[in-house]
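*Asks:*
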Amino acid sequence: MLARISDKWTMLVVRVLGRGPRRFNALRREVGEISQKVLASTLRELEENGFVSRTVTPVTPPQVEYALTDLGRDLLQPVQTLAEWVVANSARMDAARAEYAERRARD
1 MLARISDKWT MLVVRVLGRG PRRFNALRRE VGEISQKVLA STLRELEENG FVSRTVTPVT
61 PPQVEYALTD LGRDLLQPVQ TLAEWVVANS ARMDAARAEY AERRARD
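First residue of the sequence shown? That's 1 in the numbering used here, and the numbers climb one at a time after it.
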């Protein structure tokens, strides 16, 4: 479960939905470079685990809106904290990866 929650796309989707309900295409635009397939899969898994609700409005064409559930809102703060940590430490992680690659190249 931890791997699923800390997945890049899951964190981004939860952060966007933390600002309010979104329809699929609006969510896709706000998340960024995510494919339709990956977004659909991410939303399905979030819904399956109780973090996201999916509401279909019976109009033509049907409108589908996604929103965080109470459980999803509980997840929002830890996700935001983790995302802020990643941003704050990304330069250090980049440096560590470069150092590792350099060591591996010498071996």
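No residue lacks a Cβ here, since even glycine has one placed at the ideal position from N, Cα and C.
For Leu-27, which option in Val-64, Leu-71, Ala-83 and Glu-48 has the closest C-alpha, if you only look at C-alpha atoms?
*Replies:* Position 27 of the sequence shown, counted from the first residue, corresponds to residue 27. Closest option to Leu-27, Cα to Cα, is Val-64.
*Asks:* According to DSSP, Thr-55 sits in a beta bridge with which residue or residues?
*Replies:* Your numbering for residue 55 matches position 55 in the sequence shown. DSSP output for Thr-55 lists Glu-65 as bridge partner(s).
*Asks:* Under 8 Å Cβ to Cβ from Val-16, same chain only, skipping five residues before and after it: list those, please.
*Replies:* Stepping through the sequence shown from its first residue, residue 16 is reached at position 16. Arg-22, Leu-27, Glu-30 and Val-31.
*Asks:* Rounded to whole angstroms, how far is the Cβ of Trp-9 from the Cβ of Val-38, which I believe are closer than 8 Å?
*Replies:* Residue 9 sits at position 9 when you count from the first residue of the sequence shown. Residue 38 sits at position 38 when you count from the first residue of the sequence shown. Trp-9 to Val-38, Cβ: 6 Å. Contact.
*Asks:* Assign Arg-44 to one of three DSSP states: helix, strand, or coil.
*Replies:* Position 44 of the sequence shown holds residue 44. Arg-44 falls in the helix class under three-state DSSP.
*Asks:* In this structure, does DSSP put Arg-19 in helix, strand or coil?
*Replies:* Taking the first residue of the sequence shown as position 1, residue 19 is located at position 19. Correct three-state label for Arg-19: coil.
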